[in-house]
Structures are given as structure tokens and as C-alpha cells.
Amino acid sequence: MHPVLHDKLKADANRLSEALEHMSKLFLAPKEEKTLRSFTTAEVGELLRVSDGYLRKAHFDGRIPEVEQGPGNKRLYTADNILEIRNILAQSAKDPYQFLPGRRPGDKLQIWSTVNFKGGSSKTTTTVTLGMRLALRGYRVCLVDADPQASLTTFFGYQPEIDFRHGGTLYDAIRYNDGDTSRQPITDVLKGTYFPNLDLVPGGIMLSEFETETPTALSRGEQPVFFNRIRDSLRQVEDNYDIVLIDCPPQLGYLTMAAACASTSLLMTVIPERVDLASASQFLTMASGILEVLYTNGGIGAYDNFAYLLTRFDTAISTQQDLAEWIRELLGESVVKTPFVKSSAVSEAGLSQKTIFEVDLVGSKNRKTYDRALESAIGFSNDIEDMIQSAWGRGGIHET
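Quick note, the sequence shown lines up with residues 1 to 400 if you use the numbering used here.
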């Protein structure tokens, strides 16, 4: 007789997990720590909003430290170099906030959740790309992986099914009490990364337990209620960051609702295809009803922004161009100005768990493709940065 199915599946899962962990130790090379490439003078000038000549003169005058030189004696800057130079230039600048654009006294922490009803809309790629760009721009960023699939977490060199098999994810910070086990401070699961100014709260399969445990917790009246759990956890570290980006699961469950209740803004990724627009319409219909209930019960207040970002936008397909224009006419200024284009450069980077900002172009044969993808990633990130600045009561940094 076969055992009860759920017992069998649990036992099989445990056996597979243990075997994979053993196999990893036996046959695979020791896990390499991810590192970040260096940046050129032109890239650093764009990030700091100064000219190449300004940087050269600052080096010549001794106002900023020298950096490594690469082929042709061209300067190469690490992300730590950029951060150090930022702080030095801010000290003597007429407008120090040009170099340190983050929160000022009285500014609230910006929390953006990326949402969508279905997978494959570049939700995770959008979140991690935006996070890395904002960190390079000088903001203190925390990425929160609220998806049990933990795709965002893998971008930082982790194997969630192995590295967090026994805990260490967002679940530990928002879980319900279970006998002797209770939720932990979010600082216990917060991870520094190889990317300066960018921290990570990992995700993992245990987050799916939050979905199944919440109805029981609601029935017994356990506090805090589910929609306050991510918000309460983030309050423990809110002084440490300017911006928190939450990658939500592709469903409108308790995790997504908890993230939405913690957020000051929501970003919805939309592929300009008819089937994706139909899905988006369904998501918005369901979300409006749920958010109304949460608003009535004090779960959420007013949002600074509910923005739509066109993703996987293929400019070579006329129907996508037509649909993109149609979406902009329908939804107006809620649509982020710059779309995140579909690009082989983004896809190839993703295969090695990198964003377009991490790709080293030395010897690259696809420079034009890369530049086009990079222009798109910088463009939509700048648009969202302007929305963040506007929420703080300031004009957009990149507005013309």
C-alpha cells in the first residue's frame, strides 16, 4: 500500500534535497563569490552627473584618489571607488545632494513592490536591474525577495534550495508563532552583497508556508495580522535605507498583499501583448477589490505611485508598438516613459545570473545590442528615480 501522498512527497523532497546538497559538495567546484566588474570614466561620469573632464581634473588636482588603470592607461573604477568619490565630492559641492541624492531629514523610506499576475513578465529582472542602478546612483537600497521561487536571490550567487534549506529567508522574519519557534528580527536574515549600497533579504520555498498558514493564523486572531508583517519587519531597518524594492510572487496571495500593504508605491510590469493585457486586466480587477478591503481595514493608505512599466518590449514588432501606444493613451502618465526593451543582451546576462549593468564588454562582439539594452535599463530606472524624488517633494533629477 502506498503511503499517504503528502507524506510520500515530503519524504521524496527531503531525500532529493539532501542528495543534491551532497552532490554539490562532492562534484561541484567550491561556490565562487560573485564580484562586480569595474566601470569606465564615461560610466562613472554618467552616474555622478559630471563630465569626463571634471573627473580628470579632480584626479589631477588631488581632490579624489587615483584608481586602477587598465589597457591604454584608462582609469577603471570599482563600485567602492565610485561610492568613495561620491562622498568626497559631496563635501565640497555647492549642491551636495547632486552626489548624495538619497533621503534627507523628514523623507520617508520609499518602498516599491513589483507585481504581476503571471510569470515571464520580467518582474524579477526589472526589480534587480532597478535596484542595482539605484545603488550605483548613490542610494542605499534593500532588495526583498518575497517570491518562494527565489529567482531574485539567485542573482546574488545563492542556491536557495541549498543555502537556505534550514532557514535564513524573509519567511523567518514574517512567520507565525509555532510552539517554540517565532519570527526573527529581519536583521537576522539580511545579507550584505558584493554590490556596494545594496543589501538582500533572500527568498525561498518556505515562503509558500506563509500562504498556507495565514488562514489558520487569521482564525485564531494572531497578531500582527498578515498584512502588517512585512511592514513591521522593515520598520526595524528603515533608517538604514533610502529605497526598498520587493519582488512579489506572480499571484495575488497573502505575500503580495503583505508587500502591497508595506509599500509606498507599486510597479506593475506589462508586456504589450494581447494575452498579457488580458491577464493585467484580470489582475487589476481582483487587486482593486482586495485593496479596497485592506484600505477599509486600515491595511493600506494612499500610494505615492501606481506605475506601469512596459517590459519585454520588442520594437521590431509593429503590433507591440501599436499596443504600447494604446496603453499609453489609456493609462496616461501612469505608464513609465521608457520601456524595458526585449534584448538578447539582457537574456544572455540573465543566463549567468547577471543584470545588464554587470556585463563586462571586453572583447564583446555585440556592443550595439548591449548599448541599446543599457540605454533602456538606464532610461526606465531614471524615470522611476524621478518618481521617487517627486515623492520626497523634489523635482526630477533627470527631467528635461
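Beta carbons are placed, not taken as given, at the ideal position from N, Cα and C, and that holds for glycine. Because the structure is a prediction, the values reported are computed rather than measured.
Exposed is the label assigned to glycine 53, since fewer than 16 other Cβ atoms lie within 10 Å of its Cβ. A direct Cα-Cα distance of roughly 28 angstroms separates threonine 129 from glutamate 66.
Within the segment 147-195, the complete alpha helix (DSSP H) segments at least 4 residues long are 151-154, 160-163 and 170-174, listed from N- to C-terminus. According to DSSP, serine 265 shares a beta bridge with Trp112 and Asn305. The beta-bridge partner set that DSSP reports for valine 141 consists of Leu198 and Ile243. Boundaries of the beta strand (DSSP E) harbouring leucine 76: 75-77, taken from the DSSP string. Within the same chain, Cβ atoms closer than 7 angstroms to the Cβ of glycine 299 are found at Phe227 and Cys261, the five residues on either side in sequence being excluded. Straight-line spacing of the CA atoms in glycine 332 and alanine 324 works out to 11 angstroms. Close CB contacts of valine 225 within its chain, under the 6 angstroms cut and outside five residues either way in sequence, are absent. Residue burial annotation: valine 275 is exposed, with fewer than 16 other C-beta atoms found within 10 angstroms of its C-beta.
In this model, aspartate 199 and arginine 183 are separated by some 20 angstroms (Cα to Cα). With 16 or more other CB atoms across the displayed protein chains lying within 10 angstroms of its CB, leucine 55 is buried.
Contact check for glycine 379 and threonine 338: beta-carbon distance about 3 angstroms, within the 8 angstroms limit, so the pair qualifies. Counting only the Cα atoms, leucine 109 lies some 19 angstroms from lysine 191.
The shortest C-alpha to C-alpha distance from tyrosine 171 to any of Pro196, Gly204 and Gly179 is the one to Gly204. Runs of alpha helix (DSSP H) with 4 or more residues, each lying fully within the segment 75-101, are found at 79-92, listed in chain order. Taking a C-beta distance under 9 angstroms as the contact criterion, proline 185 and glutamine 236 qualify as a contact pair.
In the DSSP annotation of this structure, the continuous segment of the alpha helix (DSSP H) that includes histidine 59 starts and ends at 52-60. Just so you know, the alpha carbons of glutamate 43 and glutamate 292 end up roughly 44 angstroms apart. Between the segment 234-250 and the segment 110-118 there are three or more C-beta pairs closer than 8 angstroms, enough to call the two in contact. Our two residues, leucine 234 and phenylalanine 306, have alpha carbons roughly 20 angstroms apart in a direct line.
For aspartate 147, same chain residues with a beta-carbon under 6 angstroms away, outside a window of 5 residues either side, are Gly203, Asp247 and Pro249 in chain order. Apart from the 5 residues on each side of it in sequence, leucine 294 sits with its Cβ closer than 8 angstroms to the Cβ of Phe227, Met257, Ala260, Cys261 and Ile300 in its chain, given in chain order.
At the C-beta level, alanine 79 and alanine 135 come within 9 angstroms of one another.
Ranked by Cα distance from leucine 143, the options Gly179, Ile88, Asn240 and Leu76 are led by Asn240. If you ignore the 5 residues before and after alanine 150, its C-beta comes within less than 6 angstroms of the C-beta of Pro160, Gly203 and Gly204, all in its own chain and listed in chain order. Taking all protein chains in view, the Cβ of arginine 104 is surrounded by fewer than 16 other Cβ atoms within 10 Å, so the residue is classified as exposed. Leucine 330 and tryptophan 112 have their C-alpha atoms some 23 angstroms from each other.
Taking a cut-off of 8 angstroms for Cβ pairs, the segment 353-372 and the segment 72-92 do not touch, as fewer than three such pairs fall below it. For valine 270 against isoleucine 327, the beta-carbon gap comes to about 7 angstroms, under 8 angstroms, which counts as contact. Residue state for glutamate 68 is assigned as strand, using DSSP reduced to three classes.
Burial state of aspartate 322 is exposed, judged by a 10 Å Cβ sphere holding fewer than 16 other Cβ atoms.
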